[in-house]
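Notes for the one structure printed next.
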Amino acid sequence: MSEAKDQVVELVKNMTLLEVADLVKALEDEFGVSAAAPVAMAAMPGAAGGDAGGAAEQTEFDAVLTAAGDQKIKVIKEVRGITALGLKEAKALVEGVPAPIKEGVTKEEAEEIKEKIEAVGGTVEIK
Numbered sequence: 011m012s013e014a015k016d017q018v019v020e021l022v023k024n025m026t027l028l029e030v031a032d033l034v035k036a037l038e039d040e041f042g043v044s045a046a047a048p049v050a051m052a053a054m055p056g057a058a059g060g061d062a063g064g065a066a067e068q069t070e071f072d073a074v075l076t077a078a079g080d081q082k083i084k085v086i087k088e089v090r091g092i093t094a095l096g097l098k099e100a101k102a103l104v105e106g107v108p109a110p111i112k113e114g115v116t117k118e119e120a121e122e123i124k125e126k127i128e129a130v131g132g133t134v135e136i137k
């Protein structure tokens with residue numbers, strides 16, 4: 011069984027991200043299961059080889075401030091709370107839109123940031 015496993019690993023290592031995503035979808039359909047996060051993370055080291063398939067499920071997101079709105083001071087306070095930036099840095103971030111508030115966060119954290127900023131009148135885009 012170990013030799014077969016090694017052969018499968020070698021085969022997957024030589025695939026593009028798009029091909030791996032198609033393989034995962036086919037396995038989900040065949041066995042009636044859903045791929046968990048550890049399966050998606052196992053496919054990520056192959057991406058370090060320079061393959062830019064882009065079809066794999068995104069695991070890291072950026073919360074980007076796109077507009078401060080009418081209540082810029084409240085947005086600056088929220089940005090300070092989210093990022094732990096100083097007043098000057100947070101003000102510069104808010105005034106320099108579009109600007110990333112946090113990068114490489116989970117989807118849940120990005121959604122939370124978006125909710126907090128939109129609650130005080132700002133606009134956030136999740137990328």
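Everything in the sequence shown is counted per the numbering used here, starting at 11 for the first residue and increasing by one. Using N, Cα and C, we set each Cβ at its ideal position, and we do this for glycine too.
(1) Only counting the same chain, and skipping five residues up and downstream in sequence, which positions put a Cβ closer than 7 Å to that of lysine 82?
(2) What do you reckon, are the CB atoms on valine 107 and alanine 100 nearer than 7 Å?
(3) Is there at least one non-hydrogen atom of the ligand COA closer than 6 Å to the beta-carbon of lysine 101?
(4) Quick check on the DSSP output: the alpha helix (DSSP H) that includes glutamate 13 runs from which residue to which?
(5) Inspect the beta-carbon positions of valine 130 and lysine 84 and report whether they are closer than 7 Å.
(6) Which first and last residues belong to the beta strand (DSSP E) in which glutamate 113 is found?
(7) Starting from the C-beta of alanine 77, find all residues in its chain whose C-beta is less than 8 Å away, skip the five residues before and the five after it, and write them out in chain order.
(8) Can you grab the Cα-Cα spacing for the pair leucine 37 / glycine 79, in whole Å?
(9) Thinking C-beta only, is valine 22 closer than 7 Å to phenylalanine 71?
According to the structure data:
(1) Val104
(2) no
(3) Questions concerning the ligand COA fall outside what the structure shown contains, since it holds no ligand whatsoever.
(4) 12-23
(5) yes
(6) 109-115
(7) Val107, Gly132 and Thr133
(8) 46 Å
(9) no
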